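Enquirer: Encoded as structure tokens, here's the structure I'll be asking about.
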Amino acid sequence: MQTATPQHDEQNTARPRIDMGELAAHAEGPALVDAVTTGARVTLRWDDDTQAHFPWLWLRDHCACVECRHPLTRERLFIPLDDIETPPAARVVDGNLLLSWADDHVSRFDPVWLHQRRLENAAFTPAQIVPPRRPWHVGFTPERVSHNDFMEEEGDGERQWLEALLRDGLVLLDDGPLVEEEVSRLAGRIGPMRATNFGARFDVRSKPNPNNAAYTPIALALHTDLPNWRQPPDIQLLYCLQNEAEGGESTFADGFTVAEILRQESPEHFRILSETPIDFRFQDEEHDIAIRAPIIELDEDGRPLEIRFNNWIRDTLRLPLHDVDAWYAAYRHFWQLLHDPRHQIEFALAPGQMIAFDNRRVLHGRRAFDPNTGKRHLQGTYLDLDLLESRLRVLSRQR
Ligand SMILES: O=C(O)CCC(=O)C(=O)O
Ligand SMILES: [Fe+2]
Ligand SMILES: [Zn+2]
């Protein structure tokens with residue numbers, strides 16, 4: 001494996017370095033032609049006719065010398081506690097911005113790095129490696145990646161799998177080996193498994209003393225796992241080892257897309273489900289895990305951020321009397337939209353296939369199966385989204 005330097009900044013963009021040799025090779029971009037210190041700012045001009053102002057303290061805070069950033073970890077050491085009273089001397093030296101501060105500290109900046117970060121250029125965001133979410137359309141089918149391609153060190157399969165999962169919230173892995181714990185090995189490529197009260201790795205099959213509907217042969221309507229946790233698991237992996245029983249087909253729906261459809265059809269139902277916290281609770285011999293939260297959680301821009309939907313661990317509905325009927329009407333509406341064949345996809349997992357999905361966006365379910373007609377056995381685990389994104393950034397570095 002090619003070694004890569006950890007970067008505390010986005011890929012493929014220059015960042016300030018202290019090594020003049022490295023600085024000699026600028027990233028592609030406009031050249032710095034002029035630097036002047038004016039009241040509380042350094043004003044820069046590039047040869048593409050752009051101009052930008054940087055507050056002194058911002059520049060001091062972003063100094064990348066070995067005193068200001070740890071030389072090995074590259075993490076910030078400088079702490080911006082004091083205002084800067086005395087103007088720095090600003091010069092352009094070998095194409096770089098050189099700032100000499102009153103305390104004799106010297107900072108050097110790459111001109112392209114600064115150009116990209118012009119504070120007047122509010123549109124600047126780090127290079128997008130994590131793909132944006134794409135809503136499912138009617139007729140959506142999950143992207144498929146073969147187990148071989150996923151495992152290939154130099155291949156693109158794992159990256160393709162990660163991108164599909166982050167974009168669509170669902171991806172299918174094909175043709176895996178029929179061996180126990182393969183799900184743990186695959187998860188291990190990405191990061192440590194997220195443990196819950198069902199263990200770090202769980203077996204989904206009909207069990208004699210079930211503590212969870214998944215461990216019975218009954219149908220599971222669309223749901224998200226563990227909405228009774230403050231932080232439900234982000235990503236679920238379900239690896240199929242056996243699926244010979246009659247029934248047991250898997251179902252999925254894109255909760256975010258369906259929530260938007262609910263909003264269009266009934267803003268009031270959408271408002272109720274996004275503004276009304278309800279109780280979720282799981283209890284068995286050892287646990288009693290409970291939280292109060294709305295079914296649809298929104299981000300600061302009013303877009304769906306998380307769906308909590310699991311009818312069998314919904315607790316007593318504790319709402320003011322006059323809100324109860326309207327809440328049930330809203331819940332029923334969302335339920336019907338989710339299970340509508342236009343929005344719900346269905347297929348049987350074949351042994352050796354693994355489905356992975358974003359548990360906080362995509363709902364999953366299964367048809368009832370008859371354990372007298374054959375065996376059905378899945379192995380599952382959960383992963384954190386941060387580690388998926390991290391893995392994708394690391395794989396992108398090696399390109
Ligand atoms: O049996 C299945 O296909 C899914 C079971 C389930 O919902 C789960 O393991 O979370
Ligand atoms: Fe589940
Ligand atoms: Zn410094």
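Numbered by UniProt numbering, the letters in the sequence shown go through residues 1 to 399 in order.
Beta carbons are placed, not taken as given, at the ideal position from N, Cα and C, and that holds for glycine.
Quantities reported herein were computed from a predicted structural model and do not represent experimental measurements.
1. I'd like to confirm something about residue 266: is its beta-carbon nearer than 6 Å to some heavy atom of ligand 3, or not?
2. Could you check where the beta strand (DSSP E) with residue 42 kicks off and where it finishes?
3. Whose C-beta lies closer than 8 Å to the C-beta of residue 121 among residues of the same chain, with five residues either side of it excluded?
4. Please tell me whether, using a cut-off of 6 Å, the distance from the CB of residue 380 to the nearest non-hydrogen atom of ligand 1 is below it.
5. What three-state label does DSSP hand residue 127 in the structure shown?
6. Do the segment 217-226 and the segment 347-354 touch if we need at least three Cβ pairs shorter than 8 Å?
7. Which class does residue 21 belong to by DSSP, given the choice of helix, strand or coil?
8. Using 8 Å as the cut-off, can you tell me whether the segment 59-71 makes contact with the segment 27-40, which would need three or more C-beta pairs spanning the two stretches below that distance?
9. Please confirm if the segment 142-152 is in contact with the segment 162-172, defined as three or more CB-CB distances below 8 Å between the two stretches.
10. Using 8 Å as the Cβ pair cut-off and three pairs as the minimum, do the segment 261-278 and the segment 366-384 touch?
11. Three or more C-beta pairs under 8 Å: does that hold for the segment 149-157 against the segment 68-86?
12. Is the beta carbon of residue 383 closer than 7 Å to that of residue 187?
13. With DSSP run on the structure shown, which of helix, strand or coil describes residue 201?
14. Figure out for me which residue from 174, 95, 245, 220 has the closest Cα to the Cα of residue 310.
15. Using 6 Å as the cut-off, classify the Cβ of residue 75 as near or not near the heavy atoms of ligand 3, replying yes or no.
16. Does ligand 3 have even one heavy atom less than 6 Å from the beta-carbon of residue 63?
17. In the structure shown, what three-state DSSP assignment does residue 182 receive?
18. Once you ignore the five residues that flank residue 118 on each side, which residues in its own chain have a CB closer than 6 Å to its CB?
19. Just how far apart, CA to CA, sit residue 284 and residue 173?
20. With a CB to CB cut of under 7 Å and the five nearest residues on each side skipped, what residues in its chain are close to residue 388?
21. What is the rounded straight-line gap between the Cα of residue 25 and the Cα of residue 386?
22. So, at 7 Å on beta carbons, what are the nonlocal neighbours of residue 335 in its own chain, with the 5 sequence-adjacent residues on each side left out?
23. By the 10 Å Cβ neighbour count, where 16 or more other Cβ atoms means buried, how is residue 70 classified, buried or exposed?
24. Pick helix, strand or coil for residue 306, following the three-state DSSP scheme.
25. Give me the Cα-Cα distance between residue 333 and residue 244, rounded to the nearest whole angstrom.
26. Using DSSP with H/G/I as helix, E/B as strand and the rest coil, what is residue 73?
27. Using 8 Å as the threshold, is the segment 296-304 in touch with the segment 248-265, meaning 3 or more CB pairs across them?
28. Which residues mark the beginning and the end of the alpha helix (DSSP H) in which residue 153 is found?
29. Tell whether a beta-carbon distance below 7 Å holds between residue 363 and residue 253.
30. Determine the extent of the beta strand (DSSP E) in which residue 139 is found, giving its start and end residues.
31. Say the cut is 6 Å; is the CB of residue 107 nearer than that to a heavy atom of ligand 3?
32. Answer yes or no: do residue 287 and residue 197 have a C-beta to C-beta separation smaller than 7 Å?
33. Along the chain, where does the beta strand (DSSP E) containing residue 334 start, and where does it finish?
Expert: From the atom records:
1. no
2. 41-46
3. 52
4. yes
5. coil
6. no
7. Any reading at residue 21 is ruled out, since the residue's pLDDT is 33, under 50, leaving its predicted position unreliable.
8. no
9. yes
10. no
11. no
12. yes
13. strand
14. 220
15. no
16. yes
17. helix
18. 52
19. 33 Å
20. 162, 165, 166, 190, 235
21. Confidence at residue 25 is low in this model, with a pLDDT of 48, below 50, so its placement is unreliable and the value that follows should be read with caution. Those two C-alpha atoms are separated by around 33 Å.
22. none
23. exposed
24. strand
25. 34 Å
26. coil
27. yes
28. That residue, residue 153, is in no alpha helix (DSSP H); it is neither H nor E in DSSP.
29. yes
30. Neither: residue 139 is in no beta strand (DSSP E) and is coded neither H nor E.
31. yes
32. yes
33. Here residue 334 belongs to no beta strand (DSSP E); instead the alpha helix (DSSP H) covers 321-339.
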